[in-house]
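Residue numbers (the numbering used here): 15 to 602. Just so it is clear, CB atoms sit at the ideal spot from N, CA and C, and this is done for glycine as well. Bear in mind the structure is a predicted one, so any value in this text is a computation, not a measurement. Everything below concerns the one structure shown next.
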Amino acid sequence: MMWKLTISNGTIRYIAGILLVAVGGVIYWAVSPESHPSQTATLQAAEPKGTPLPPQELFTHWPDPAKQKPDLVLVITGQTYGYLQKCGCSYPQKGGLERRYNFIKSLEARGWDVAAIDIGDVPKPLPYTPTREQTITKYATAMQAMKMMNYRVTGVGYEELAGPLLEMLAKYSLQPGNELPKVINSNIANPKDFEGFSGPMIRPAEILKAKSGLTVGITSVIGQKVIEKNPDNSVKFAERTDLELNKVLAQWKKDGDPMIKILLYSGPFDHVDPTTNKRVDAQAAAELFPDFNVIVSQTAESEPPSLPKEVNNKRTMILQVGQRGQNVGVVGIYQTKTGIQMYYQKVAMAEEFATPADKTKDHPILNLLQDYSDTVKKQDYLSQMASRKKLHPVQAQNPTAKYAGDQTCVQCHANEHAIWSKSKHAHAYEALEKIAAFPTGRNFDGECIICHTVGYAYRSGYLNAEKTPTLKNVQCESCHGPASLHVTEEIENLKKANPTHAMKKSLTPWKTGGQGHLPSPEKLAAYAAEPDQKKREAMLTVQENEVMSRVFQVCFGCHDSDNDPKFKLEDYWKTINHTGFLKGPAKK
Numbered sequence: 015m016m017w018k019l020t021i022s023n024g025t026i027r028y029i030a031g032i033l034l035v036a037v038g039g040v041i042y043w044a045v046s047p048e049s050h051p052s053q054t055a056t057l058q059a060a061e062p063k064g065t066p067l068p069p070q071e072l073f074t075h076w077p078d079p080a081k082q083k084p085d086l087v088l089v090i091t092g093q094t095y096g097y098l099q100k101c102g103c104s105y106p107q108k109g110g111l112e113r114r115y116n117f118i119k120s121l122e123a124r125g126w127d128v129a130a131i132d133i134g135d136v137p138k139p140l141p142y143t144p145t146r147e148q149t150i151t152k153y154a155t156a157m158q159a160m161k162m163m164n165y166r167v168t169g170v171g172y173e174e175l176a177g178p179l180l181e182m183l184a185k186y187s188l189q190p191g192n193e194l195p196k197v198i199n200s201n202i203a204n205p206k207d208f209e210g211f212s213g214p215m216i217r218p219a220e221i222l223k224a225k226s227g228l229t230v231g232i233t234s235v236i237g238q239k240v241i242e243k244n245p246d247n248s249v250k251f252a253e254r255t256d257l258e259l260n261k262v263l264a265q266w267k268k269d270g271d272p273m274i275k276i277l278l279y280s281g282p283f284d285h286v287d288p289t290t291n292k293r294v295d296a297q298a299a300a301e302l303f304p305d306f307n308v309i310v311s312q313t314a315e316s317e318p319p320s321l322p323k324e325v326n327n328k329r330t331m332i333l334q335v336g337q338r339g340q341n342v343g344v345v346g347i348y349q350t351k352t353g354i355q356m357y358y359q360k361v362a363m364a365e366e367f368a369t370p371a372d373k374t375k376d377h378p379i380l381n382l383l384q385d386y387s388d389t390v391k392k393q394d395y396l397s398q399m400a401s402r403k404k405l406h407p408v409q410a411q412n413p414t415a416k417y418a419g420d421q422t423c424v425q426c427h428a429n430e431h432a433i434w435s436k437s438k439h440a441h442a443y444e445a446l447e448k449i450a451a452f453p454t455g456r457n458f459d460g461e462c463i464i465c466h467t468v469g470y471a472y473r474s475g476y477l478n479a480e481k482t483p484t485l486k487n488v489q490c491e492s493c494h495g496p497a498s499l500h501v502t503e504e505i506e507n508l509k510k511a512n513p514t515h516a517m518k519k520s521l522t523p524w525k526t527g528g529q530g531h532l533p534s535p536e537k538l539a540a541y542a543a544e545p546d547q548k549k550r551e552a553m554l555t556v557q558e559n560e561v562m563s564r565v566f567q568v569c570f571g572c573h574d575s576d577n578d579p580k581f582k583l584e585d586y587w588k589t590i591n592h593t594g595f596l597k598g599p600a601k602k
């Protein structure tokens, strides 16, 4: 997790120190048996209770800070995708602008000169984000937060283009006082179409000057793969990106030639054009432009590599910093007698960077997030989902099907309802309304409410507390689907000699031909306790394995790897086990 680069007479030296640590069957990466004490703080009181990730051991292979401080430390991020807060709402989680701010402040507390840069893709609407205005508001909030963190520049990515770009820039860069972070890009061909009152809102490049006098040139381009799917017709791209980069390099030479050159590449690390069979990725850019010491590319996965990729005979490192703000990359730059040395460290934005409970009141990022949450409530973005609701699969087959609410279900399913009422699902809305803090008001945010109510993304589902109060919480229909026609069918069955159950079957899509159940609680307990995966699979019948898989996919819609990293169906199911239809009054 440490990378060292020495720029001296064309020679490069590389050192990597990696310690593999296994905790609870999960592999974590660290770098040394010793850790800097300020980076191993215990869980802060502002965070939910639980088992934290192992403390990180940071900068242990960098020069001894008592003997030599870095001339400049660069914090590098990208592909935040609108994740203003930590990724998910179950414990433990990584990410969040609050933690990022605290981390940067911890570096500054060491006496380090710190600057931050971002590759782009700051915003991104989720499939169920109610309105484009919320995405643009979130972009402005993220940019304001980055200004507080001393971000100097950010690139342009696909998500800024999807904004569209002019609306994104107008929401932030055009506003007085928002001179940082500067938006840079060198292969947009019509930057004059994005000029504000005081000049261009998009610049081709920037040169940063550290307090020590060290200079760093930074430019940004959008890669060919992103250009091919450009969603913004108002943005034109240069025919030859290479020529535009050469212009930047030539201008830098006139301006004194920065000691370190960085390219923010909004495109994949690894991609081959299928029509030409040629590389069109960050690696190709590195080979074509060996003058760049650091290239930052997009990451295909949420979790980035621990180490950078070396190219050009170890003269260039290509970094990937992951998605959703869960990790950041840190580059330390040192001027030595033998040349400039650069060190790299990947850092997870884990609990150790959370804000202590007694420091939350005046925290600038937490206050900013509260302002954002208040805006979401005031603008009533939540209700604007009404125009975007889609058909649930049940409704696709039966267009008149609607959500009925748990009080309708309980009339026949009293036992199942009694089990549900004791579960956390029955209090899901309350978790947003009364428990969630930093910020409060998340019960007015569609991006949160989607997993805490019934059918928010679908027609006739939850809209807001006033219009659909009976659809709060995670109820029966959250998993089974809209059940109004099932209710009607069962009422009609009371009059029939030969009842039909077509709608009943449509509400259990994980069954095959209406048949199949999850394993018994006893079998699931044994399944959960068995460490050998092959033996686990052999414990279940083919039908049980298939039902397990299908039910898991339903649960995974909310309990995904980001929102609930510890989710295991075999463990969770026992808290809501209601297999079968138990007639009669609820069992006590």
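query: Simplified DSSP state of Ser-212, which is helix, strand or coil; result: coil
query: Inside the stretch 258-302 only - beta strand (DSSP E) runs reaching at least 3 residues; result: 274-280
query: Cα-Cα separation between Asp-388 and Gln-148, rounded to whole angstroms; result: 12 Å
query: DSSP three-state assignment for Glu-193, whether helix, strand or coil; result: coil
query: DSSP state of Gln-82 mapped onto helix, strand, coil; result: coil
query: Residues near Lys-161 in its chain [Cβ-Cβ closer than 8 Å; skip 5 each side]; result: Asn-192, Leu-194 and Pro-195
query: Of the residues Gln-238, Ile-118 and Asn-307, the one placed nearest Lys-250, counting alpha carbons only; result: Gln-238
query: Which of helix, strand or coil DSSP assigns to Phe-566; result: helix
query: Under the three-state DSSP convention, the category Gln-411 falls into; result: helix
query: Ile-433 - containing alpha helix (DSSP H), residue span; result: 428-435
query: Cα-Cα separation between Ala-362 and Thr-313, rounded to whole angstroms; result: 15 Å
query: Per-residue burial, His-515 [other beta carbons within 10 Å of its own, 16 or more giving buried]; result: exposed
query: Under the three-state DSSP convention, the category Ala-609 falls into; result: Absent from the structure is residue 609, since the part of the chain shown begins at 15 and ends at 602.
query: Cβ contact (3+ pairs, closer than 8 Å) linking the stretch 356-374 and the stretch 424-436; result: no
query: Environment of Asp-376 [buried if 16+ CB atoms lie within 10 Å]; result: exposed
query: Arg-114 - DSSP class collapsed to helix/strand/coil; result: helix
query: Alpha helix (DSSP H) segment containing Met-331, residue limits; result: Here Met-331 belongs to no alpha helix (DSSP H); instead the beta strand (DSSP E) covers 330-334.
query: For Gln-529, the three-state DSSP class (helix, strand or coil); result: strand
query: Leu-554 versus Leu-188, Tyr-541, Lys-351 and Thr-155, residue with shortest Cα-Cα distance; result: Tyr-541
query: Reduced DSSP secondary structure (H/G/I, E/B, other) of Leu-179; result: helix
query: Exposed unless 16 or more other CB atoms sit within 10 angstroms - verdict on Asn-512; result: exposed
query: For Ala-129, the nearest candidate out of Val-468, Val-230 and Asp-78 (CA to CA); result: Val-230
query: Beta-carbon gap between Lys-14 and Pro-535 smaller than 8 Å; result: This structure leaves residue 14 out entirely; the chain is present only between 15 and 602.
query: Bridge partners - Phe-367, DSSP secondary structure assignment; result: In DSSP, Phe-367 forms no bridge with anything.
query: Proximity winner among Ile-236, Gly-460, Leu-302 and Gly-96, relative to Ser-397 (alpha-carbon distances); result: Gly-460
query: Simplified DSSP assignment, three categories, for Leu-477; result: coil
query: Close-in-space but distant-in-sequence residues of the same chain around Ile-118 (CB under 8 Å, 5 per side omitted); result: Val-89, Val-128, Ala-130, Met-163 and Asn-164
query: Status (buried if at least 16 other CB within 10 Å, exposed otherwise) for Gly-125; result: exposed
query: Among Thr-526, Lys-519 and Gly-571, nearest to Val-556 - alpha-carbon criterion; result: Thr-526
query: Where Arg-166 falls: helix, strand or coil (DSSP); result: strand
query: Residue(s) in a DSSP beta bridge with Asn-341; result: Ala-362
query: Proximity to Pro-79 [Cα-Cα], best of Glu-209, Cys-423 and Tyr-348; result: Tyr-348
query: Inter-residue Cα distance where the pair is Ile-236 and Gly-353; result: 31 Å
query: C-beta contact flag for Gly-528 and Val-561 at 8 Å; result: no
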